[in-house]
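Quick notes on the structure that follows.
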Amino acid sequence: MKERLERYKIFRILASIYRIKAVRLLIPLIVIGLVYWEGQKELRQVSLGRTFGELRRLSVEAVVEIFLFSLFSIAVMSLYDFMIRRHFRLKVGFWSTFRYAWIANTFNNIIGFAGLTGAGLRTILYKRSGISPILMASAVVFLSPIVVTGLSILSWGIIAGVFMVGDLFKEHRWLIFAVWGMALYLPLFVLMQRSSLFAKWFNRGEGRTPWTTVGISLSASLLEWACAGVTFWLIASSVLHDVSFREVIGMYAVAAIAGILSMAPGGIGAFDLTVLLGLEQLGFPSDRAMAVLVLFRLFYYIVPWLIGLILSAFELGNVAKQAGDKQDDGTEFPLNGWQRLWRWPGQYRFLSDLGVWALGKLVLVSGLVLLLSAATPGLLYRLRLTEEILSMPLMRLSHLLSVIIGFMLVVLSRGISLRIHRAYVWTGVLLLAGAVFTFIKAFDFEEAIFLLIVGIALWVSRARFYRVGAPVEARSYLLWYVLSAVIAFVYYWIGSHVHYGWLRHLPTADRIHWMFGPRPYAITALIGLAGSWVLLTMLLLLRPNRKIAAAAGPEELDKLRLFLKRNQGNLLTHMLFTGDKSFFWSQEDQVLIPYAKARDKLVVLGDPLGPIKLVPEAIADFQQYADQYAMSVVFYQATPEYLPIYHEYGYRFFKLGEEALIPLENFTLSGKKATDLRSVRNRFEREGYIFEMAVPPFGNALLEELRKVSDEWIKGRREKGFSLGWFNQDYLEQAPIALLKNPEGNILAFASLAPGYDEKNTMSIDLMRHQSGTPNGTMDYLFVKLIEWCKEQGYKVFNLGNAPLSSVGESKSALREEKLAALVFQYGGHWYGFKGLRRYKEKFAPEWEPRFLAYPAWVSLPVLTVDLVRLVSRRVQEVRK
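Residues in the sequence shown are numbered consecutively from 13, following the working numbering.
Structure, rendered in structure tokens:
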């Protein structure tokens, strides 16, 4: 029962940490589910083929008009940024303000999260122009309540009868409360802007917001929502033809309110189903209503977002160059380029990654565009022209190659996001080829131009694709296999459902029908899927990042021995002879960084070895090396002496526990505190137990006897690794072993030693094994004799090893993670004897020295903890595979 209570307390703390995040994710899903339940009748009536048919009937003039006005509507949203530039007197150029606004607004439209996406991006982008995050935080807070005021004004228009919603309120009465709630926000906003409380909290203490600013704010928001509504009306009038402007604007406002209440990105789900319900009440079929939604999502959301992706790819490129390398007082940091990049990882790394992320999504969209273009036959007049100029086999071949290239671009988009150079080269070639083939198959110059623009964006950003490889787990590859199969099925389903009837007006309708019929779509889907799977398999088998985890061989270990003759080691240096670590030599082999690979992390054991003045540059070199493979560098069991160096590189710290160090000059068994140890020693010596020190090389007979003791102690459990030694003959031959024999001369227990390689200053205990049924106090006696032997040999410090989670999270101001660790230390005795181990080592009166985990700011500590547990639990044989 006690163990269950202990586990319950820990799990309860873990649950409380993630409860809020789960609720935030569940609310939008619940709202979308409720709206879907109410609109499932309309959804069942939608036919994908008829919807695409409606889209194909649009004239070129209507498409151009919708396209241009939708871009104007997005551009209008930049008024918010010009408003805060004026109100907060931000020294940002006109064109920069417009670019920042476009990127932030289009990303916010797609991703949403209650405006957090736009707020975060604005803070990051404006910092590039020298605006401090604190000032931008005030600007974002000032801007946030303004955005929906225009929709509130439209709500009053609905209530006053200026805009009509037909019978929508009669069928779905809950929408009335939503409209009234949004309408009442307008007077609340005005009161808040003119209140002294708001001025104190949000207006930088400069008094109430002037009426002029309030008026400008309301005008900007009204213009934004009005332009969005007019865009929706243009699309509706082009598809539905006979529609009322007042009814469409009213229905759009109600749908927008439903989308905001759902808190889903872009109001997806709630907005769309409300539009379907409203258009059905106006007497329009669901297929045509769905065509309106598809066009609105395409022109108002997706197309501007693609432009935003291109702008962000260029804007967030050379971050280190534009971010500035000076302190507030104007003095420069004495750091090289890589040190600048890693000094502020939470800031600059995210900026650079965001630009590459945008390029990756552009490549993904390029692949999907190729597949969608291949699944939906081109315009009739273009097909007639293509048939007259080109041969049918060439059109068919171009169609097939477009599908294959589309699948491959989808796969390669992940490599682009990871900055892999090979992915950049392949993607560039495929984008050019895709533009050629999509143009040949049906003169689809729009898709070809888009692919070329993406290719140019990649070429301009070519310096960012420097990585040799990146760690991708097998389950990630499995996910991509499944994803590509799903895309292939969707491609076949779309192509086989929407092609029928489009081409019957051509003179060669039978031949082209065969070309684009269900059977050819199935064949091209299978060929494209096979091509993508072959590419995935090649990437899996030819991963260049495998060599980054190659364990040190005999030559490297001999080099280590020579290195230790010239340089001092540390308490973990002896672990380097286990054979499961890799070595990174830096600064002309004057600094050694031992590490092991744990998923996407390179975990350094202890601190770098070598002159401490060379360590900062060595860390920069190692980070650059790791970044070539998309790896993060983590320092495990770092000592306090090196924390300032890690801090300069932006590392965060988590206390792992404390090391028990015994100053040998002060160690004695006299006195009241050592009564128990003194009694144990006297009893074992009186009963004839024998202590011996065995020095390598060891004989086979001794090693076999030690193995029997070790196997009996292990009892079939897996031995730990990385920061711990294990029973291996080559490893044990590196240092002496302390033996404890019974009066008959049989070995009862042993303990191997681990020198500190610091001129006989420190000796550590390594493997500790004993037979079952040994007398009480056996290991106490072995430790006492071992400590006395080290003192006689001239050593100054004896290391009893680490006490995990000892003295972690005891302060009220400690981090949440460390407080959780304190609970594990307090109640985790079911899994590991944390408190018992600490109490046991306290008997020897050690001095406790803290040990830390140093990790980059962008690394998740819970995930890192799991990776470290897996690393320590891994056997050396597994590492060498």
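We put the beta carbon where it would ideally sit given N, CA and C, even for glycine. Just so we're clear, the structure is a prediction, and the values are computed from it rather than from any experiment.
Looking only at DSSP bridge pairs, what is residue i linked to?
{"i": "H782", "result": "A761"}
{"i": "I432", "result": "R479"}
{"i": "N814", "result": "E671"}
{"i": "T916", "result": "The chain is shown only over 13 to 893; residue 916 falls outside these bounds and no answer can be derived."}
{"i": "T774", "result": "V809"}
{"i": "A766", "result": "S776"}
{"i": "F666", "result": "L865"}
Check the Cβ-Cβ distances between residue i and every residue of chain B, and say whether any is below 8 Å.
{"i": "K577", "result": "Judged by its chain identifiers, the structure shown contains no chain B, having just a single protein chain."}
Which residues in the same chain have their Cβ closer than 8 Å to the Cβ of residue i, if we skip the five residues on either side of it in sequence?
{"i": "P709", "result": "E745"}
{"i": "T877", "result": "none"}
{"i": "L676", "result": "I799, C802, K803, Y807, K808, V809, F810"}
{"i": "S784", "result": "E724, W725"}
{"i": "F311", "result": "I78, F79, S82, T243, I247"}
{"i": "L572", "result": "A564, L588, F589, F595, L604"}
{"i": "F362", "result": "Residue placement at F362 is flagged as unreliable, the pLDDT there being 45, under the threshold of 50; the coordinate-derived value follows with that caveat. The residues are I136, W870."}
{"i": "D619", "result": "N582, V627, F647, A650, T651, E653, Y654"}
{"i": "M148", "result": "R134, T135, Y138, K139"}
{"i": "T161", "result": "Y197, L198, F201, S229, L230, S233, L234"}
{"i": "G757", "result": "I702"}
{"i": "K609", "result": "P483, I560, A561, S594, V615, M643"}
Return the chain-ordered list of same chain residues with a C-beta closer than 6 Å to the C-beta of residue i, the five sequence neighbours on each side being excluded.
{"i": "L547", "result": "M420, V423"}
{"i": "G540", "result": "V415, I416, F419"}
{"i": "L102", "result": "I143"}
{"i": "A866", "result": "F647, A650, Y658, Y663, F665"}
{"i": "I702", "result": "K753"}
{"i": "E400", "result": "No answer about E400 holds up, because its pLDDT of 48 lies below 50 and its placement is not dependable."}
{"i": "P874", "result": "none"}
{"i": "G336", "result": "With a pLDDT of only 37 at G336, under 50, the local geometry of the prediction cannot be trusted, and no value is derived from it."}
{"i": "Y769", "result": "L576, G581, T585"}
{"i": "I86", "result": "P316"}
Apart from the five residues just before and just after residue i, which ones in its own chain have a Cβ nearer than 7 Å to its Cβ?
{"i": "S764", "result": "G737, L744, A747, I749, D778, L779"}
{"i": "E568", "result": "F595"}
{"i": "L812", "result": "A672, I674, I777, K853, F856, P858"}
{"i": "G700", "result": "P755"}
{"i": "P862", "result": "P652, K667, E670"}
{"i": "F283", "result": "A267, A268, A270, G271"}
With a cut-off of 8 Å on the beta carbons, I'd call residue i and residue j a contact; round off their distance for me.
{"i": "L617", "j": "Y648", "result": "6 Å"}
{"i": "L470", "j": "A447", "result": "Not confirmed; about 13 Å, so no contact."}
{"i": "L383", "j": "I499", "result": "7 Å"}
{"i": "R431", "j": "Y478", "result": "7 Å"}
{"i": "A12", "j": "A642", "result": "Nothing about residue 12 can be reported from this structure: the residues present for the chain run from 13 to 893 only."}
{"i": "L490", "j": "S776", "result": "Their Cβ separation, rounded to whole angstroms, is 43 Å, which puts L490 and S776 out of contact at 8 Å."}
{"i": "I265", "j": "G241", "result": "Before going further, note that residue 265 is Ala rather than Ile in the sequence given. At roughly 7 Å, the Cβ-Cβ gap stays under 8 Å, so A265 and G241 are in contact."}
{"i": "V377", "j": "L443", "result": "Contact doesn't hold; Cβ gap of about 12 Å is too wide."}
{"i": "A195", "j": "I171", "result": "6 Å"}
{"i": "S207", "j": "M95", "result": "Wrong, their Cβ atoms sit about 20 Å apart, outside the cutoff."}
{"i": "F8", "j": "G372", "result": "Any question about residue 8 goes unanswered here, given that the chain covers just 13 to 893."}
{"i": "G728", "j": "V884", "result": "The pair is not a contact, with the Cβ atoms about 18 Å apart (cut-off 8 Å)."}
{"i": "L166", "j": "W237", "result": "6 Å"}
>> Within 8 Å, do at least three Cβ pairs link the segment 673-686 to the segment 846-864?
In response: yes
> What beta strand (DSSP E) runs, 3 residues minimum, are completely inside the segment 850-875?
Replying inline: 859-867
>> Report the start-end ranges of each beta strand (DSSP E) in the segment 576-664 that is 3 residues or longer and not cut off at the edges.
In response: 594-598, 603-610, 613-617, 644-650
>> Would you call the segment 108-115 in contact with the segment 254-267, where contact means no fewer than 3 C-beta pairs closer than 8 Å?
In response: no
> In chain order, which continuous runs of the beta strand (DSSP E) of length 3 or greater are located wholly inside the segment 693-757?
Replying inline: 702-706, 749-753
>> With a threshold of 8 Å, are at least 3 pairs of Cβ atoms found where one atom belongs to the segment 177-188 and the other to the segment 285-295?
In response: yes
> Counting only runs that start and end within the segment 238-325, where is the alpha helix (DSSP H) found for 4 or more residues in a row?
Replying inline: 257-274, 282-293, 298-308
>> Restricting to runs no shorter than 4 residues, where is the alpha helix (DSSP H) found entirely within the segment 100-133?
In response: List check, alpha helix (DSSP H) in window: 106-123.
>> Quick check for students: name the residue ranges of the alpha helix (DSSP H) that lie wholly in the segment 153-178, counting only runs of 4 or more.
In response: Within the segment 153-178, the complete alpha helix (DSSP H) runs of at least 4 residues are 161-171.
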